[in-house]
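Trainee: The sequence shown begins at 38 in our numbering and counts up one residue at a time.
A virtual CB, placed ideally from N, CA and C, is assigned to each residue, including glycine.
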Amino acid sequence: MEKTLVIFKPSAIQRGLVGNILTRFQQKGLVIAGIKMMQLDETILREHYSHLVEKSFFPLVLDSMMASPVIVLCLEGKDAVNVVRLMTGATNGREAMPGTIRGDFASSNQENIIHASSSVEDAQAEMARFFKPEELFDWEPVNTSFIYSKLELEN
Ligand code: ADP
Numbered sequence: 038m039e040k041t042l043v044i045f046k047p048s049a050i051q052r053g054l055v056g057n058i059l060t061r062f063q064q065k066g067l068v069i070a071g072i073k074m075m076q077l078d079e080t081i082l083r084e085h086y087s088h089l090v091e092k093s094f095f096p097l098v099l100d101s102m103m104a105s106p107v108i109v110l111c112l113e114g115k116d117a118v119n120v121v122r123l124m125t126g127a128t129n130g131r132e133a134m135p136g137t138i139r140g141d142f143a144s145s146n147q148e149n150i151i152h153a154s155s156s157v158e159d160a161q162a163e164m165a166r167f168f169k170p171e172e173l174f175d176w177e178p179v180n181t182s183f184i185y186s187k188l189e190l191e192n
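What follows is the structure, encoded as structure tokens:
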């Protein structure tokens, strides 16, 4: 099964949306492989958002991501990276489709509630960035055969 990384940003923590969003992921059939609270610093954010460091708005992103602790989450499931990106929606909350997490909870380009890995390669790098190996768990819920078909579980 594929794993992906989600960050509940300070906007989710401050607005009390963690339970609601976690419920959505669990209802979808995604499995929690790791979860913890942490305070991000500039060093880890410069690495995580290396594609944005030259942007004029980057200092604002830094402030926003350090405004409170965050919760990092590792989710597991078939095609988990793509499934979680679809559930997350477009970057700008005002353009994200209703029904997506950003579409339902965000009205901002910056304060957009969660981060979700954008590719399998990114997910692997991000899991190593935010979790120690012993903080991630390989376990299978007893209801897996009601989430996926036999065929899907074989492939
Ligand atoms: P995504 O989070 O959808 O993968 P990006 O990797 O492009 O999007 O951007 C990372 C984060 O930086 C966004 O989630 C958002 O919080 C912030 N961001 C991106 N573009 C802007 C912008 N134009 N103004 C302010 N913040 C931005």
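If I'm right that ILE151 touches THR128 with Cβ under 8 Å, what's the distance once you round it to whole angstroms?
Mentor: Actually they are not in contact, since the Cβ atoms of ILE151 and THR128 sit about 11 Å apart, beyond 8 Å.
Trainee: Compare the beta carbon distance of SER105 and ILE50 with 7 Å and say whether it is the shorter of the two.
Mentor: Yes. Within cutoff.
Trainee: Less than 7 Å between the beta carbons of LYS40 and GLU113, yes or no?
Mentor: yes
Trainee: Between LEU110 and the rest of its own chain, which residues show a CB-CB distance below 6 Å, the 5 nearest in sequence each way excluded?
Mentor: VAL43, ILE72
Trainee: CA-CA distance, SER155 and ALA162?
Mentor: 11 Å
Trainee: Would you call the region 51-71 and the region 174-184 touching, i.e. three or more CB-CB distances under 8 Å?
Mentor: Taking a contact to require three or more Cβ pairs closer than 8 Å, the region 51-71 and the region 174-184 qualify as touching.
Trainee: Considering only C-alpha positions, which residue in the set THR60, SER101, GLN63 is nearest to GLU79?
Mentor: SER101
Trainee: In its own chain, which residues sit with a C-beta less than 7 Å from the C-beta of SER145, not counting the 5 before and 5 after it?
Mentor: Cβ within range, chain order: GLY130.
Trainee: Work out the CA separation of ALA117 and PHE174 for me, nearest whole Å.
Mentor: Roughly 16 Å separates the two Cα atoms.
Trainee: With GLU132 and SER48 assumed to form a contact (beta carbons below 8 Å), what rounded beta-carbon distance in angstroms separates them?
Mentor: 16 Å between Cβ atoms; not a contact.
Trainee: Ignoring anything shorter than 3 residues or poking outside the region 85-130, list the beta strand (DSSP E) runs there in chain order.
Mentor: At a cut-off of 3 residues, the continuous stretches assigned as beta strand (DSSP E) that sit fully inside the region 85-130 are 107-114.
Trainee: Exposed or buried, which one is MET75 when buried takes at least 16 other CB atoms within 10 Å?
Mentor: Exposed is the call here.
Trainee: Would you kindly check if the distance between the Cβ of LEU99 and the Cβ of LEU82 is under 7 Å?
Mentor: yes
Trainee: Can you look up LYS46 in the DSSP assignment and give me helix, strand or coil?
Mentor: coil
Trainee: Alpha carbon to alpha carbon, what distance is there between THR137 and ARG166?
Mentor: 26 Å
Trainee: For ALA143, which residues from the same chain have a beta carbon less than 6 Å from its beta carbon, with the 5 sequence-adjacent residues on both sides left out?
Mentor: GLY130, ASN149, ILE150
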